[in-house]
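A.B. asks: For reference, the structure I am asking about is given below.
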Amino acid sequence: MVALREATEETGIVGLEVWSDPIDIDVHLIERRSAAEPAHLHLDVRYLVKAPKGAVFRGNHESVALRWVGGHDLEDSTLSLDDSTKRVARYGFALAERLLN
14 MVALREATEE TGIVGLEVWS DPIDIDVHLI ERRSAAEPAH LHLDVRYLVK APKGAVFRGN
74 HESVALRWVG GHDLEDSTLS LDDSTKRVAR YGFALAERLL N
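Residue numbers (my numbering): 14 to 114.
Laid out in structure tokens, this is it:
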């Protein structure tokens with residue numbers, strides 16, 4: 014599954030578990046970066062991922078500021094989260110709580 018590969022590559026965590034169904038699809042505009050890459054719509058298909066207990070991030074060149082957060086952290090202005098990320102995180106936390114209990 015692509016979601017598992019991406020999550021593992023970007024976090025460096027082995028043993029992740031991906032909930033089989035997407036929990037969100039986000040469509041957003043990517044601004045023009047060059048003549049070879051014009052402005053375009055980008056689709057993010059988002060999944061709920063469970064990490065093993067005690068997992069530690071290793072990250073990669075794309076993921077340099079990883080950290081664990083809880084629902085209470087979503088309004089922390091130092092995280093600079095956009096509304097779409099906050100929305101899916103709230104939903105993901107609620108879904109995880111239902112699935113794990």
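Cβ coordinates follow ideal geometry from the N, Cα and C atoms, glycine included. Computed from a predicted model, the values in this text were never measured in an experiment.
#1: In terms of DSSP beta bridges, what is VAL31 paired with?
#2: Got a sec? Which residues, its chain only, sit under 7 Å from GLU75 by beta carbon, not counting five neighbours each side?
#3: How is the alpha helix (DSSP H) around ASP96 delimited, first residue to last?
#4: Pop quiz: VAL15 and PRO35 are said to be a contact at Cβ under 8 Å. What is the actual Cβ separation, rounded to whole angstroms?
#5: Is the separation between the beta-carbon of GLY84 and that of PHE106 shorter than 8 Å?
C.D. replies: With the structure as the only source:
#1: VAL62
#2: GLU23
#3: 96-113
#4: Not quite, the Cβ-Cβ distance comes to about 11 Å (not below 8 Å), so this is no contact.
#5: yes
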